[in-house]
Amino acid sequence: MKVIQRALEECGLPAATVQAIENPDRALVGEMLKMDKYIDMLIPRGGAGLHKLCREQSTIPVITGGIGVCHIYIDDSADIAEALKIIVNAKVQRPSACNSVETLLVNQHIADRFLPALSQQMAESGVTLHADAATLPVLQNGPANVEPVKAEQYNDEYLSLESECQSGRWPRRGHRPYPRARYTAF
């Protein structure tokens, strides 16, 4: 926000032209959506529920993105320490944001080395992991709060300190296990 406001000032415009509302109270959002006398445009940051609320109730132009359901793929050549830093940041910094990581796809060839370290990091960060059948036994031996993933949870946008974790043979050429998802791989 500061960068945008500084750029506005450099162009001779008031910095307050663009503002961020940090209060997530939905009642406040509902009121704000009707303030077309004072607000020219809204860009909501949040999950599918917030975007839907804005599209349905706003009398102000709204720019919305898609839902998050962001994935991180951990390749067998990944630097484990670096991967863990990225995952913790992508989940813990702002779990209710639409770009928060929701699913971790772990290459089966790194799973035995990576999953115990992941369990430790997620426990320290207060993240609950929902694990598939291949991943569950390894994660249950660690300190993280781990639950079996349910079929209906795939493609969920948790918007909280929860993520899915799977291990398997990835990547498979042309295969995207979650067609609606955004992927980051390293």
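Residues in the sequence shown are numbered consecutively from 1, following the UniProt record's numbering. Virtual Cβ for every residue (Gly too), placed ideally from N, Cα, C. Only a predicted model underlies this, so the values are computations on that prediction, with no experimental measurement involved.
Remark: C-beta atoms of E157 and E102 approach each other more closely than 8 Å.
Beyond the five residues adjoining it in sequence on each side, S167 comes within less than 6 Å, by CB distance, of V106, Q108, A111, A134 and T135 in the same chain, given in chain order.
Shown here for P95: same chain residues with a beta carbon closer than 7 Å to its own, the five before and five after excluded, namely L159, S160 and L161 in chain order. Within the UniProt domain "Aldehyde dehydrogenase" (4-128), the complete alpha helix (DSSP H) segments of 4 residues or longer fall at 26-32, 48-57, 80-92 and 111-125, listed in chain order. The residue from E147, A48, R113 and N141 with its alpha-carbon nearest to that of A78 is R113. Rounded to whole angstroms, the Cβ separation of V69 and N145 is 21 Å, and the two are not in contact under 8 Å. DSSP, reduced to helix, strand and coil, places V149 outside both helices and strands of the structure shown, so it counts as coil. Remark: three or more beta-carbon pairs, one from each stretch, lie closer than 8 Å, so the segment 25-37 and the segment 57-64 are flagged as touching. According to DSSP, residue pairing for E164 in a beta bridge involves T103 and H130. Pairing I43 with V62, the inter-Cα distance amounts to about 6 Å. Assigned with DSSP and collapsed to three states, L139 falls in helix. Nearest in C-alpha terms to A117, of all of L104, A131 and L139, is L139.
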